[in-house]
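Offset between the sequence shown (1-based) and the working numbering: plus 432. The next block holds one structure in the form of structure tokens; read it before the comments.
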Amino acid sequence: LDVVGDGTVDDYEKQRPSRKQKSLGLLCQKFLARYPSYPLSTEKTTISLDEVAVSLGVERRRIYDIVNVLESLHLVSRVAKNQYGWHGRHSLPKTLRALQRLGEEQKYEEQMACLQQKELDLVDYRFGERRKDGSPDPQDQHLLDFSESDYPSSSANSRKDKSLRIMSQKF
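Written out as structure tokens, the structure reads:
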């Protein structure tokens, strides 16, 4: 931004980090670079979320975003409040196979296809014919209903199933 016309950039613009510099992906890379990918079994590495947040210059909630996903992949585990143990990537292939197997058992691919079809049907409905009063035709009402019954393998709405760790695994 050259408002003055002398080729200088506003000092504020220089100091403000770009969107790319603040991205969660880049932050995750910086986080992972702090720890060995394959620590020795005798190595016990504890992660203090507060220390990492200060060290990386971000809010603790951003570190929680990363840790929740890493926990779902069994790269870390919670030991105490704001404290996690680092396990590294030793069990990652096994974890990914287990998640793939779980996805197949829960028929996630079918659920996603069903959801995508409902979204397409809804788009078609929105751009298609409607009744004169603007309400949906009763035979089209099913296009607007997204319910858990559409996904037979979905479990009940338990608190455990809605934890970020479990949702990350499902993703």
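Where a beta carbon is used, it is the ideal one built from N, C-alpha and C, also for glycine. Note that the structure is predicted; figures quoted are calculated from it, not measured.
{"Asked": "Nearest candidate by alpha-carbon position, reference L481, set S523, N514, Q543, Q532", "Found": "N514"}
{"Asked": "Contact under 8 Å by Cβ, L507 with R521", "Found": "yes"}
{"Asked": "Burial state of L552 (16 or more Cβ within 10 Å)", "Found": "exposed"}
{"Asked": "Q538 versus P525: straight-line alpha-carbon distance, rounded", "Found": "20 Å"}
{"Asked": "Per-residue DSSP class, three states only, for Q461", "Found": "helix"}
{"Asked": "Top-ranked residue by Cα proximity to E475, from C546, G517, R558, E542", "Found": "G517"}
{"Asked": "Cα-Cα separation between Y540 and V486, rounded to whole angstroms", "Found": "38 Å"}
{"Asked": "Exposure label - V501; buried when at least 16 CB within 10 Å", "Found": "buried"}
{"Asked": "Environment of R493 [buried if 16+ CB atoms lie within 10 Å]", "Found": "exposed"}
{"Asked": "Span separating the alpha-carbon of Q549 from that of E536", "Found": "19 Å"}
{"Asked": "Range covered by the alpha helix (DSSP H) that runs through L494", "Found": "In the sequence under discussion, the amino acid at residue 494 is Arg, which differs from the Leu named in the question. Element bounds for R494: 492-504."}
{"Asked": "C-alpha gap between D556 and C546, whole angstroms", "Found": "15 Å"}
{"Asked": "Length at least 4, wholly inside the stretch 520-562: the alpha helix (DSSP H) runs in chain order", "Found": "524-537, 540-559"}
{"Asked": "Of the listed residues S509, R466, L505, M544, nearest to R529 (C-alpha basis)", "Found": "L505"}
{"Asked": "CB-CB length for K462 against L488, believed under 8 Å", "Found": "6 Å"}
{"Asked": "Close Cβ partners of T527 (< 8 Å) along its chain, the five nearest in sequence each way excluded", "Found": "L505, H506"}
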